[in-house]
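>
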Amino acid sequence: MKSPKKDWVIIYSVVAPYPLQNGAAVRIWEMAQWLRKFYHVGLVMPAANGSDLAPLKNGFDGVWIAYPHAISVRRNLLRRIRYEIISISARCSLSSRYAKELAAFSHKNPLGKIHPPAMLLLDELCTKLRPIAIIAEYVFSAATSTIVARKHGVLSVIDTIDVLSQRQKSERAAGVPQQRGKFSEKHEIELLSLADALIAIQPNEAKLLADMLPGKPIVIAEHPVVVNEYPSTTTNNSYILFVSSQAKHNIHALRIFLERQWPIIRQTVPETEFHICGNVSHHFSEVTTRENAVVFHGFCPDIASYYQKATIAINPVNYGSGLKIKSVEALAYGKCLVSTPIGADGLEEHAGRAFVSVEVDQMHEAIIELLRDPHRRQMLETEALNLAKQRFSPEVCFYDLTQLLEITSRNQQN
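Under our numbering, the first residue of the sequence shown carries the number 82, and numbering increases by one thereafter.
Right, dumping it as structure tokens:
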């Protein structure tokens, strides 16, 4: 039996926070582990989507899944039909209690999909657990959670992770296909305005959100990391590392780097090897041999051993939004980081001191120069560690969020 002295905080997420194979999963997991120091933290998901529930139950004080299977038509049509039947039943159960809220909600908003089974589950949990807050992960989770939170007088928070309309603009500028269909900044603002408070993942996006929603309370919660101090790579080894999920912006960036930058680096510094860790490897089977010194390792649970070997870590992304967790991770491992400005968004004040920031077309020049200058690399590594220690500890990253929840708890008690 858990101590009754702790309040409950519920995290509602369409994205499974385990396995830790992408930045969003890691962020949600780390946030939950930090908040568990002060609260009981529950996880609610609209569907299991193949998630292994055992690790989730170890990482949260309660895990509730509204639909125990995947709901994708591509995986199983019968399960999709079953989900629709359950959704109709849940909507009927909610219709009398939430008639006004459901009627007022704009169902034409392409980002505002409501999951009736999850909404019914959240409603039941609010009645049973009386949480002080519901934190929705991403704006597209907001419709389901904020309607319930408002009904129960519970603090409604959206952890934006990305400003999706900003990501969309970035995609258009890079000439890549849109990832989430047609929506506008107006659609995003409509959903964000439902929440009592917003979480921004970095300072630049906090300013952007403040411009989009003047007067809306916004807290910054960057991505926390554990600092790992490895000996400086002052030898002349030439090991380039890229750690990446299979998100489209990572695939796009890596393809451009391999086509345009890597051949120049290999020609200039022939002993250099390029190692890629992460599920982005699934999309590059045509370059899996060592003929061009490119090695794909796939998903690596022990990523520390690869960082330990690395001379330089890179982040070549040229579009996107949010905080690029791979850049923060490289800093925390004390690596000499070469990133594009997009890859270091929110960190630009430290460029030139804690890492090198150049446009993707100049990455080969920066990498070659650093491979030949171990003293410069060592200086960057030292400053990278200092920055990670000062800015990306859990205590610093989640301070504002912890204060927000503490004030909410105190106000509810009074």
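Cβ coordinates follow ideal geometry from the N, Cα and C atoms, glycine included.
In this text, all values refer to a predicted model and were calculated from it rather than measured experimentally.
Please classify Val307 as buried or exposed, where buried requires at least 16 other C-beta atoms within 10 Å of its C-beta.
Residue 307 sits at position 226 when you count from the first residue of the sequence shown. Val307 is exposed by the Cβ-count criterion.
> Alpha helix (DSSP H) containing Ser420: first to last residue?
Numbered from its first residue, the sequence shown carries residue 420 at position 339. Premise fails: Ser420 lies in the beta strand (DSSP E), Cys417 to Ser420, not in any alpha helix (DSSP H).
> Compare the C-alpha of Ala129 against each of Tyr148, Thr489, Trp115 and Ala291 and name the closest.
On the sequence shown, position 48 is the one that residue 129 refers to. Measuring from the Cα of Ala129, the nearest candidate turns out to be Tyr148.
> By a C-beta neighbour count over all protein chains shown, 10 Å radius and 16 as the cutoff for buried, is His330 buried or exposed?
Stepping through the sequence shown from its first residue, residue 330 is reached at position 249. Buried, by the Cβ-count rule.
> Apply the 10 Å Cβ neighbour rule to Ile146 and answer buried if 16 or more other Cβ atoms are within range, or exposed otherwise.
For the purposes of this step, residue 146 is taken as residue 65 along the sequence shown, with counting starting at 1. By the neighbour-count rule (16 or more Cβ atoms within 10 Å), Ile146 is buried.
> Round the Cβ separation of His363 and Ile321 to the nearest angstrom and send it over; I've been treating them as touching at under 8 Å.
The residue given as residue 363 occupies position 282 in the sequence shown. The residue given as residue 321 occupies position 240 in the sequence shown. With a Cβ gap of about 20 Å, His363 and Ile321 do not count as contacting.
> Out of Tyr99, Gly104, Lys118 and Leu290, state which residue places its alpha-carbon closest to the alpha-carbon of Ser132.
The residue labelled residue 132 in the question sits at position 51 within the sequence shown. Minimum Cα distance to Ser132 is reached at Tyr99.
> Can you tell me the Cα-Cα spacing of Tyr387 and Ala113, whole angstroms?
As a first step, residue 387 is located in the sequence shown; it is residue number 306 there, counting from the start. As a first step, residue 113 is located in the sequence shown; it is residue number 32 there, counting from the start. Taking the straight line joining both Cα atoms gives about 27 Å.
> On a Cα-Cα basis, can you pick out the residue from Leu486, Tyr480, Arg458 and Asp426 that is closest to Ser251?
Residue numbering aside, residue 251 sits at position 170 when the sequence shown is read from its first letter. Ranking Leu486, Tyr480, Arg458 and Asp426 by Cα distance to Ser251 puts Asp426 first.
> Can you round the beta-carbon distance between Pro305 and Cys478 to whole angstroms, since I take them to be within the 8 Å contact cut?
Counting from 1 along the sequence shown, the entry for residue 305 is found at position 224. Counting from 1 along the sequence shown, the entry for residue 478 is found at position 397. Their Cβ separation, rounded to whole angstroms, is 4 Å, which keeps Pro305 and Cys478 in contact under 8 Å.
> Tell me the DSSP secondary structure of Val95 in three-state form.
Here residue 95 refers to the residue found at position 14 when the sequence shown is read from its first residue. Here Val95 sits in coil by DSSP.
> Closer than 6 Å by C-beta to Asn103: which residues in its own chain qualify, once you throw out the five before and the five after it? Chain order, please.
Here residue 103 refers to the residue found at position 22 when the sequence shown is read from its first residue. Ser326, listed in sequence order.
> Just the Cα atoms here: how many angstroms apart are Thr353 and Val409?
Within the sequence shown, the letter at position 272 stands for residue 353. Within the sequence shown, the letter at position 328 stands for residue 409. So the alpha carbons of these two residues sit roughly 24 Å apart.
> Mind checking Asn190: buried by the 16 CB within 10 Å criterion, or exposed?
On the sequence shown, residue 190 is found 109 positions in, with the first residue counted as 1. That one is buried.
> Is it the case that the Cβ atoms of Asp142 and Arg117 are separated by a distance below 8 Å?
Numbered from its first residue, the sequence shown carries residue 142 at position 61. Numbered from its first residue, the sequence shown carries residue 117 at position 36. Result yes, Cβ atoms of Asp142 and Arg117 sit closer than 8 Å.
> Go through its chain and collect everything with a Cβ distance to Asp457's Cβ below 7 Å, but skip five positions before and after it.
To locate residue 457, count along the sequence shown from 1; it is residue 376. What sits at residue 457 in the sequence shown is Arg, not Asp. If we look at Arg457 and ignore the five residues flanking it on each side, its Cβ neighbours are Leu451.
> Taking Val375 as part of the beta strand (DSSP E), name the residues at either end of that continuous run.
Counted from its first residue, the sequence shown places residue 375 at position 294. Looking at the DSSP string, the run of the beta strand (DSSP E) that includes Val375 is Val375 to Gly379.
> Quick one: what's got a C-beta closer than 7 Å to Val300's C-beta in the same chain, skipping five residues either side?
Within the sequence shown, residue 300 is the residue found at index 219, counting from 1. The residues are Ala278, Ile280, Asp481, Leu482 and Leu485.
> By DSSP's criteria, Leu236 is part of a beta bridge. Which residues make up the other side?
Here residue 236 refers to the residue found at position 155 of the sequence shown. According to DSSP, Leu236 bridges with Ala214.
> If you reduce the DSSP assignment to three classes, tell me which class Ser490 lands in.
Counted from its first residue, the sequence shown places residue 490 at position 409. Reduced to three states, the DSSP call for Ser490 is helix.
> In its own chain, which residues sit with a C-beta less than 8 Å from the C-beta of Leu273, not counting the 5 before and 5 after it?
In the sequence shown, residue 273 corresponds to position 192, counting from 1. So the list reads Val220, Ala223, Ile239, Thr241, Leu279, Leu290, Met293, Leu294 and Lys297, once near-sequence residues are dropped.
> Report all residues from its chain with a CB closer than 8 Å to the CB of Trp110; omit the five preceding and five following residues, and keep chain order.
Position 29 of the sequence shown holds residue 110. Taken in chain order, the residues that qualify are Pro98, Tyr99, Leu101 and Gly140.
> What residue ranges within the segment 248-294 form continuous beta strand (DSSP E) runs of no fewer than 3 residues, ordered along the chain?
Complete beta strand (DSSP E) runs here, min 3: 278-281.
> So, Ala217 versus Tyr120, is the Cβ gap smaller than 8 Å?
The count along the sequence shown starts at 1 and reaches residue 217 at position 136. The count along the sequence shown starts at 1 and reaches residue 120 at position 39. Not a contact, by the Cβ cut-off of 8 Å.
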